[in-house]
Each structure stands twice: as structure tokens, then as C-alpha cells.
Amino acid sequence: MKKHIDLFSSRILIFCGQLTILAMTIVLIAGCGANKAITAKGTLQPLTTKKIVKNHYKNQIDFTTITAKVKARYEDQRQSQSISVNLRMEKDEVIWLSASVLIPVAKVMITKDRVSFYEKVNKTFFDGDFSFLSEVVGTDLDFEKVQNLLLGQAIFDLRKERFDSDSDTKNYVLMPEKEMALFNRMFKLEPLHFKMSEQRLEQPEENRRVRVSYPSYQDIQGRILPKEILVESLDGSNMTRIEIDYRSVKFNEKLSFPFKIPKGYDEIAVK
Numbered sequence: 001m002k003k004h005i006d007l008f009s010s011r012i013l014i015f016c017g018q019l020t021i022l023a024m025t026i027v028l029i030a031g032c033g034a035n036k037a038i039t040a041k042g043t044l045q046p047l048t049t050k051k052i053v054k055n056h057y058k059n060q061i062d063f064t065t066i067t068a069k070v071k072a073r074y075e076d077q078r079q080s081q082s083i084s085v086n087l088r089m090e091k092d093e094v095i096w097l098s099a100s101v102l103i104p105v106a107k108v109m110i111t112k113d114r115v116s117f118y119e120k121v122n123k124t125f126f127d128g129d130f131s132f133l134s135e136v137v138g139t140d141l142d143f144e145k146v147q148n149l150l151l152g153q154a155i156f157d158l159r160k161e162r163f164d165s166d167s168d169t170k171n172y173v174l175m176p177e178k179e180m181a182l183f184n185r186m187f188k189l190e191p192l193h194f195k196m197s198e199q200r201l202e203q204p205e206e207n208r209r210v211r212v213s214y215p216s217y218q219d220i221q222g223r224i225l226p227k228e229i230l231v232e233s234l235d236g237s238n239m240t241r242i243e244i245d246y247r248s249v250k251f252n253e254k255l256s257f258p259f260k261i262p263k264g265y266d267e268i269a270v271k
């Protein structure tokens, strides 16, 4: 049996998956011992667009696996909800999330070609490709885009396009010379480590907008990762806000990714 839900009401069910998105949903990480939180206060030096993009990719972190604990808050016009999330990631392979509100309530597993999740409150599940999350966010998604969003990297490959560059008082600003059909995009990079400060995607004709901002970063074992992520989404008159705060993290441990959809759950089908 399939349960049909509209896109907006589905957002709360796929909240964990949107961490990794979003738009999406939905990172990382506040953490261990003497980890140092960073507020990007680098100096804006005159740089060419090519140099800004090169610095962004030069500062990608190197890791095999990540495990972290996350505090997240979801809010829309009808409700607000705080949850705890255990996150496990194997670079370029798997993103796994287990969400709890006092007790475990949902699990999500995202691989290169599949998105799967189930939630225990209504006993529903989804098991399919990225088209589901792409519809919710309003743009094509794949594993790499989700992973990049969580790591403070550009969700689009900046090396494959031409950009005009400018600056505001705190960030370098990149705007595509040629926009995608129906979409407007904008990227802001902080000048200290050239990580993302803000990513914005808009569909003006549809009155849809997703804004992902990174209020602060942190240095964990020499790796620069987001400490907080804020996702704000507008779809018509519907506003959604997701706040993510990473509380602990470990790198390069051997991890497992247990996931099995329970029997008797109803499959979600999006209208």
C-alpha cells in the first residue's frame, strides 16, 4: 500500500534526509576536546575569480569517514521540532542518519544512486532515487551535491562554469555569467579558508528559494568544517527553517551503516 502526501507535508518526514540537502535539507561539526570555533575574519584581498575558485577547492578536507552527533531544529508556519541526529558518513559512498526525539524515530541512508528512509510515528518509508529529494528542493540533486552541502563546499562545481566575482563587506561573491534556465544562483565565500558562507538558489517565477548559510566554522584536528548550518526555504507562501548544530565528531573510524525497512510500513508516493 502507498501513502500519498503533498510535497510540503512531506518535508517533516524527510527532515533528516534534508540535512543533507536541502535543501534541503542537509554540516559538521562541533566537537572533541580543544576544537576551536572559527568566525571567518580574513581580509578581503583583491583576487581574480579563478584564484577564488582555486582556493575553494584547494581547501577541501581529506577524510575517509566521519561520525558526529547533531542537534537540529525544524520550523515552519505550523510547527517546530527539535531532534537529535547521529550522523555517519563514508566519503563519496554513504551518508547515514538516525534521528531521535527522546526515542529513535527515523533512519535515513543516502548512497550514490539511492535515497531510503523510514519513520516510526506513521510507519511510512521511501526507497527510490534522487528524484524525490530533487522535487522537494526544486533542483536536481545527487550524492555529491548533498555531501558538498554538508562539508561547506559549493553544491555546483564552480570549475565547470564562468563566474563574475565581487565582494561585500565580509565575503567574496560569485555570480554565474550565464544562469541556468529558470534558476538564479549566488555563492559567497569567506576569505579565511574560502569555504562557503552562503549558497542561494532561486526560481523567481515559481516563488521558490533555498538559502543555505554557514554562520561559523571550526578547526577539528586541522580540518575546517562548518559548526552551524542554517537552511531557509520558501515555496510559494510556505516558509521552512532548519538549524543544524554539530556537537561532536570523530574522523576515520571503522563504521557500519545498519539499515532495514521494517515490515508492515506503508510506502510514500509523492503527488
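The C-terminal residue of the sequence shown carries number 271 in the UniProt record's numbering, and the numbering is unbroken.
Note that beta-carbon positions come from the ideal geometry of N, C-alpha and C, so glycine has one too.
Compare the C-alpha of residue i against each of the options and name the closest.
i, options, result
"isoleucine 95", "Asp164, Leu102, Ile83, Ile110", "Ile110"
"glutamate 202", "Gly236, Met196, His193, Leu189", "Gly236"
"proline 226", "Asn55, Glu232, Val70, Pro46", "Val70"
"serine 116", "Phe143, Glu198, Asp92, Ser100", "Phe143"
"leucine 158", "Gly222, Thr124, Lys188", "Lys188"
"alanine 154", "Lys195, Asn171, Asp129", "Lys195"
"phenylalanine 251", "Ile229, Glu243, Arg223, Asp266", "Arg223"
"threonine 169", "Met186, Gly152, Glu190", "Glu190"
"alanine 106", "Gln60, Phe126, Glu93, Lys112", "Phe126"
"residue 273", "Val101, Lys112, Ser84, Gly128", "The structure shown has nothing for residue 273, since the chain only spans 1 to 271."
"leucine 230", "Lys112, Leu150, Ser165, Asn55", "Leu150"
"glutamate 93", "Lys112, Asp166, Glu267", "Lys112"
By the 10 Å Cβ neighbour count, where 16 or more other Cβ atoms means buried, how is residue i classified, buried or exposed?
i, result
"arginine 162", "exposed"
"isoleucine 103", "exposed"
"leucine 44", "exposed"
"arginine 78", "exposed"
"glutamate 119", "buried"
"methionine 239", "exposed"
"tyrosine 214", "buried"
"arginine 114", "exposed"
"glutamate 177", "exposed"
"valine 249", "buried"
"proline 258", "exposed"
"valine 121", "exposed"
"valine 85", "buried"
Distance check for residue j and residue i, CA to CA, integer angstroms please.
i, j, result
"arginine 88", "aspartate 62", "16 Å"
"threonine 65", "proline 204", "38 Å"
"glutamate 253", "glutamate 90", "10 Å"
"glutamine 218", "valine 173", "22 Å"
"leucine 141", "serine 233", "16 Å"
"valine 212", "lysine 145", "13 Å"
"threonine 49", "histidine 193", "15 Å"
"phenylalanine 132", "valine 108", "14 Å"
"methionine 180", "asparagine 171", "23 Å"
"leucine 255", "serine 98", "14 Å"
"isoleucine 242", "leucine 47", "33 Å"
"valine 210", "asparagine 148", "15 Å"
"glutamate 198", "glutamate 206", "21 Å"
"lysine 51", "methionine 186", "17 Å"
"isoleucine 261", "tyrosine 57", "37 Å"
"glutamine 60", "isoleucine 244", "21 Å"
"glycine 152", "serine 167", "19 Å"
"residue 272", "alanine 72", "One cannot answer for residue 272 here, as it falls past the ends of the chain, which runs 1 to 271."
"arginine 208", "aspartate 76", "15 Å"
Run through DSSP, which three-state label would residue i get?
i, result
"lysine 178", "coil"
"asparagine 207", "coil"
"serine 197", "strand"
"asparagine 148", "helix"
"isoleucine 229", "strand"
"serine 100", "strand"
"serine 131", "helix"
"lysine 69", "strand"
"asparagine 86", "strand"
"asparagine 238", "strand"
"lysine 250", "strand"
"leucine 158", "helix"
"phenylalanine 183", "coil"
"proline 262", "coil"
"isoleucine 26", "Model confidence at isoleucine 26 stands at a pLDDT of 32, short of 50, so the residue's coordinates are unreliable; what they give is reported in the following sentence. Looking at isoleucine 26 - three-state DSSP - the assignment turns out to be coil, as it is neither helix nor strand."
"lysine 120", "coil"
"tyrosine 214", "coil"
"lysine 188", "strand"
"phenylalanine 257", "coil"
"phenylalanine 63", "coil"
Please work out which residues of its chain come closer than 7 Å, Cβ to Cβ, to residue i, disregarding the five sequence neighbours upstream and downstream, and give them in chain order.
i, result
"glycine 264", "Lys123"
"glutamine 221", "Phe251"
"phenylalanine 130", "Val115, Leu141, Asp142"
In chain order, what residues of the same chain have a beta carbon less than 8 Å from the beta carbon of residue i, not counting five sequence neighbours either side?
i, result
"phenylalanine 183", "Thr139, Leu201, Glu202, Gln203"
"valine 53", "Leu158, Arg159, Phe163, Leu174"
What does a CB cutoff of less than 6 Å around residue i pick up in its chain, not counting 5 residues either side in sequence?
i, result
"glutamine 81", "Tyr74"
"asparagine 55", "Phe194"
"leucine 100", "For the record, residue 100 in the displayed sequence is serine; it is not leucine. These residues qualify, in order along the chain: Ser84."
What I want to know is whether the C-beta of residue i ends up closer than 7 Å to one or more non-hydrogen atoms of the ligand FAD.
i, result
"threonine 43", "As far as ligands go, the structure on display features none, and thus does not contain the ligand FAD."
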